[in-house]
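The numbering used here puts the first residue of the sequence shown at 344, with every later residue one more than the last. We put the beta carbon where it would ideally sit given N, CA and C, even for glycine. As the structure is a prediction and not an experimental result, all values here were calculated from the model.
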Amino acid sequence: MHSSAVFLIEFGAIILGLGLLGRVAGRFRFSPIPLYLLAGLAFGEGGLLPLGASEEFVAIGAEIGVILLLLMLGLEYTATDLVSNLKTQYPAGLVDGALNALPGAAMALLLGWGPVAAVVLAGVTWISSSGVIAKVLGDLGRLGNRETPVVLSILVLEDLAMAVYLPIVTALLAGVGLAAGSATLAIALGVAGLVLFVAVRYGRVISRFVSSDDPEKLLLVVLGLTLLVAGLAQQLQVSAAVGAFLVGIALSGEVAEGAHHLLSPLRDLFAAVFFVFFGLHTDPASIPPVLLPALALAVVTAGTKIATGYWAARRNGISAKGAWRAGGTLVARGEFSIVIAGLAVSAGIEPSLGPLATAYVLILVVIGPLTARYTEPFATWVTGRRRRAPLDPGPAEERLPLPEPVRHER
344 MHSSAVFLIE
354 FGAIILGLGL
364 LGRVAGRFRF
374 SPIPLYLLAG
384 LAFGEGGLLP
394 LGASEEFVAI
404 GAEIGVILLL
414 LMLGLEYTAT
424 DLVSNLKTQY
434 PAGLVDGALN
444 ALPGAAMALL
454 LGWGPVAAVV
464 LAGVTWISSS
474 GVIAKVLGDL
484 GRLGNRETPV
494 VLSILVLEDL
504 AMAVYLPIVT
514 ALLAGVGLAA
524 GSATLAIALG
534 VAGLVLFVAV
544 RYGRVISRFV
554 SSDDPEKLLL
564 VVLGLTLLVA
574 GLAQQLQVSA
584 AVGAFLVGIA
594 LSGEVAEGAH
604 HLLSPLRDLF
614 AAVFFVFFGL
624 HTDPASIPPV
634 LLPALALAVV
644 TAGTKIATGY
654 WAARRNGISA
664 KGAWRAGGTL
674 VARGEFSIVI
684 AGLAVSAGIE
694 PSLGPLATAY
704 VLILVVIGPL
714 TARYTEPFAT
724 WVTGRRRRAP
734 LDPGPAEERL
744 PLPEPVRHER
């Protein structure tokens with residue numbers, strides 16, 4: 344059969360399969376990410392039916408998927424919002440990083456993977472899934488809750504941290520020296536700072552330049568600008584994803600809303616391709632050996648995320664019930680964790696890191712919506728039992744006899 348025909352058949356089957364899996368996930372109201380990862384595992388190395396003709400195109404589509412994921416996240420926030428969050432919520436960001444990155448780093452060192460893998464796995468366990476969390480908040484009708492701004496602030500700070508973290512990881516994975524790595528980080532911070540400054544001062548001018556009443560022209564300009572900046576950022580060894588994120592921050596107002604509306608279907612398509620691509624490069628046989636470490640890491644970091652959200656919410660004057668809801672909402676990991684692990688897999692740092700990250704994300708992306716829904720009722724039940732415990736009478740044989748009522752003679 345002609346190679347182009349094989350490619351069309353394979354890629355068409357992939358897209359059709361992803362659409363059907365998305366329907367299944369939608370019916371049961373959970374994130375489709377674990378199904379996309381499982382599909383990649385089924386048709387990748389060591390899977391049921393390895394793909395060949397479409398693999399190169401899927402790899403390019405996966406890279407575009409990462410860029411669009413970060414662009415869309417950037418479009419969610421204005422530069423002013425980011426600066427405000429940095430000023431008021433940075434303690435929550437520091438607590439978030441300390442509680443959730445350290446378990447991943449410790450696990451990598453315990454497994455003997457070395458310091459570079461430790462930095463990568465720290466990022467995998469640190470960053471929550473903005474996409475899954477946004478969907479969960481909408482499904483549960485909590486977008487207007489008092490604790491939701493706290494959750495979103497932590498997600499914004501994590502996104503900002505990615506602008507610093509990704510260049511560091513890229514430099515470490517490339518094996519560059521201390522001087523080159525410092526220069527890369529300095530460039531990344533300088534570019535990020537410059538873009539934030541320009542976005543705050545001249546965001547309206549940039550948006551007016553990009554703006555167009557014709558949806559086709561707006562789509563082409565925004566997508567072209569994003570890919571161009573992402574490519575230039577990667578050429579400077581910063582990160583294509585960070586470049587896309589900064590483009591999203593620079594756009595605001597009606598332009599950001601219009602671009603978000605137009606690019607959402609493209610984001611969903613290529614993001615799904617990205618998750619499949621990650622699964623394609625993970626041998627299913629390599630997951631069972633790392634399943635126990637992944638499960639242990641999932642349990643620990645689910646607890647640390649709940650603690651992070653609870654502390655941050657209480658710090659902002661939210662009630663205990665709202666604080667528990669905030670903590671449970673932050674548990675899900677997803678696209679960012681896979682993006683970070685994908686960088687390490689591409690660099691060939693540690694063969695077991697990719698399977699462990701896959702198993703870890705599969706566990707938490709399934710558990711995340713459950714913790715968002717049930718953490719607060721469970722915590723309320725536990726605290727209620729503790730409050731009632733001193734008032735509960737002991738066993739019958741240990742109870743003191745009640746005094747006889749005094750009877751008055753008439």
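| query | result |
| --- | --- |
| Does the segment 375-385 come close enough to the segment 553-567 to have 3 or more Cβ pairs within less than 8 Å? | no |
| According to DSSP, is A635 helix, strand or coil? | Note that residue 635 is Leu in the sequence shown here, rather than Ala. DSSP places L635 in helix when its eight states are reduced to three. |
| Per DSSP, what kind of secondary structure is A722 in: helix, strand or coil? | helix |
| Specify whether the segment 483-501 and the segment 427-443 touch according to this definition: at least 3 beta carbon pairs, one from each stretch, less than 8 Å apart. | yes |
| Helix, strand or coil: which one does DSSP assign to R668? | helix |
| Pop quiz: A506 and F588 are said to be a contact at Cβ under 8 Å. What is the actual Cβ separation, rounded to whole angstroms? | 6 Å |
| Could you give the DSSP three-state label for V494: helix, strand or coil? | helix |
| Report yes if the CB atom of R668 is closer than 9 Å to the CB atom of E490, and no otherwise. | yes |
| Just to check my reading of the structure: K664 and T723 have Cβ atoms closer than 8 Å, yes? What is that Cβ distance to the nearest angstrom? | 6 Å |
| By Cβ distance below 7 Å, which residues in the same chain neighbour A755 in space, the five residues on each side in sequence not counted? | Since the first residue of the chain shown is 344 and the last is 753, residue 755 is not available in this structure. |
| Across the segment 702-717 and the segment 670-680, are there enough close Cβ pairs to call them in contact, namely three or more that are closer than 8 Å? | yes |
| For F373, does the three-state DSSP call read helix, strand or coil? | coil |
| In whole angstroms, give me the CA-to-CA distance for K560 and F354. | 28 Å |
| Near M415, which residues of its chain fall below 6 Å by C-beta distance, leaving aside the five closest residues on each side in sequence? | R610 |
| Quick one, which of E419, A637 and A687 has its alpha-carbon nearest S595's? | E419 |
| Helix, strand or coil: which one does DSSP assign to E501? | helix |
| Assuming L696 and W456 are in contact, meaning their beta carbons sit under 8 Å apart, how far apart are those beta carbons, in whole angstroms? | 7 Å |
| Taking 6 Å as the limit between beta carbons, can you name the residues of its chain near F373, skipping five residues before and five after? | P712 |
| Tell me the start and end of each unbroken alpha helix (DSSP H) in the segment 662-711 that is at least 4 residues and wholly inside, in chain order. | 663-672 and 678-690 |
| For F552, does the count of other Cβ atoms within 10 angstroms reach 16, so buried, or fall short, so exposed? | exposed |
| Kindly indicate which residue of D482, S496 and R485 has the alpha-carbon position closest to the one of N659. | S496 |
| Taking only the alpha-carbon atoms, compute the straight-line gap between I376 and I681 and give it to the nearest angstrom. | 10 Å |
| Work out the CA separation of L483 and P510 for me, nearest whole Å. | 36 Å |
| By a C-beta neighbour count over all protein chains shown, 10 Å radius and 16 as the cutoff for buried, is Q432 buried or exposed? | buried |
| Excluding five sequence neighbours on each side, which residues of the same chain lie with their C-beta closer than 6 Å to the C-beta of F613? | G404, I407, G408 and L411 |
| Quick check on the burial criterion: 16 or more other C-beta atoms within 10 angstroms. Buried or exposed for G670? | buried |
| Could you pull the start and end residues of the alpha helix (DSSP H) that T468 belongs to? | P458 to W469 |
| Taking DSSP as the reference, what is the three-state secondary structure of S403? | Per the sequence shown, residue 403 should be read as Ile rather than Ser. Of the three classes helix, strand and coil, the one that applies to I403 here is helix, per DSSP. |
| The alpha helix (DSSP H) spanning A614 covers which residue range? | G596 to L623 |
| Should A702 go down as buried or exposed, given a rule of 16 or more other Cβ atoms within 10 Å for buried? | buried |
| Take I661 as the anchor and find which of F618, V494, V548 and I358 has the nearest alpha-carbon. | V494 |
| Give me the Cα-Cα distance between D626 and L361, rounded to the nearest whole angstrom. | 20 Å |
| Determine the extent of the alpha helix (DSSP H) in which P558 is found, giving its start and end residues. | P558 to Q578 |
| Mapping the DSSP letters down to three states, classify G737 as helix, strand or coil. | Residue placement at G737 cannot be trusted, given a pLDDT of 44 that sits under 50; the coordinates are not used to answer. |
| Give the range of the alpha helix (DSSP H) segment to which I592 is assigned. | A583 to A593 |
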